[in-house]
Amino acid sequence: MKQTIRKRFTTLAGVASLGLAATAMAVPAETLDEVMARRGLSQKDLLAAAKTYTPTGGRDEFIVFSSGGQSGQIMVYGVPSMRILKYVSVFTPEPWQGYGFDEESKAILESGKVDGRELHWGDTHHPALSETEGAPDGEFLFINDKSAPRVGVISLHDFETQQIVVNPILQSEHGGTFVTPNTEYVLEAA
733 MKQTIRKRFT TLAGVASLGL AATAMAVPAE TLDEVMARRG LSQKDLLAAA
783 KTYTPTGGRD EFIVFSSGGQ SGQIMVYGVP SMRILKYVSV FTPEPWQGYG
833 FDEESKAILE SGKVDGRELH WGDTHHPALS ETEGAPDGEF LFINDKSAPR
883 VGVISLHDFE TQQIVVNPIL QSEHGGTFVT PNTEYVLEAA
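This note's numbering puts the first residue of the sequence shown at 733, with every later residue one more than the last.
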């Protein structure tokens, strides 16, 4: 019985494969002009698309660090492809990537307590890159929390939050995070 079922399955799989191969050969490939006509595209449209296209495995020319707002995280994406490269958890636990659930990241979130209160959410805005002689050096990214007087410190070597620094002087802030030309100081505007 098992051999009969296996034989039928093998026969069906072979027939299905031949059918798919025949279908693929029967559909003629469209030319670029045909695609342009069908989609109503101009040469200008194609040029714009080609300027942003990054082939699989290719590298983007630039990386953008975008504040996540009330998600409490940073989004990292490439330009020109606009592919999301990483979500960096900062002030908010992220179960899907384990942030806030292992001992190391729990300790980082714990360090972000304000006046002893746990704050496991944030409102990230206005990232700043560390600098050497006034130019970004690719070492760290700093992001402020508009909901509480805190700054997240993210290593750009592994794109992980290393530290949350609480400002004991402020009660809240609405400005940004800024660095001095050699990152001797990280400033936050209230």
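Note that beta-carbon positions come from the ideal geometry of N, C-alpha and C, so glycine has one too.
Element boundaries [beta strand (DSSP E), containing residue i]
i           : result
residue 856 : 856-864
residue 779 : Element bounds for residue 779: not the beta strand (DSSP E) but the alpha helix (DSSP H), 775-784.
residue 911 : 909-911
residue 882 : 882-887
residue 811 : 805-811
residue 877 : 867-877
residue 901 : Where residue 901 is concerned, there is no enclosing beta strand (DSSP E), given that its DSSP letter is neither H nor E.
residue 797 : 794-799
residue 819 : 816-821
residue 850 : From DSSP, residue 850 is part of no beta strand (DSSP E); its letter is neither H nor E.
residue 920 : 918-920
Whole-angstrom C-beta distance between residue j and residue i, which should lie under 8 Å
i           : j           : result
residue 853 : residue 823 : 6 Å
residue 920 : residue 899 : 6 Å
residue 914 : residue 835 : With 8 Å as the limit, residue 914 and residue 835 do not qualify as a contact, their Cβ atoms being about 33 Å apart.
residue 893 : residue 820 : 7 Å
Pair within 8 Å by beta-carbon distance, residue i and residue j
i           : j           : result
residue 859 : residue 774 : no
residue 905 : residue 881 : yes
residue 877 : residue 801 : no
residue 879 : residue 869 : no
residue 806 : residue 875 : yes
residue 810 : residue 786 : yes
residue 895 : residue 885 : yes
residue 857 : residue 908 : yes
Buried/exposed call for residue i, threshold 16 Cβ in 10 Å
i           : result
residue 767 : exposed
residue 763 : exposed
residue 889 : exposed
residue 816 : exposed
residue 840 : buried
residue 814 : exposed
residue 784 : exposed
residue 848 : exposed
residue 844 : buried
Where the alpha helix (DSSP H) containing residue i begins and where it ends
i           : result
residue 845 : Residue 845 -> no alpha helix (DSSP H), and no H or E assigned at all.
residue 767 : 764-771
Any C-beta of chain D under 8 Å from that of residue i
i           : result
residue 914 : Protein chains in the displayed structure number just one, and chain D is not present.
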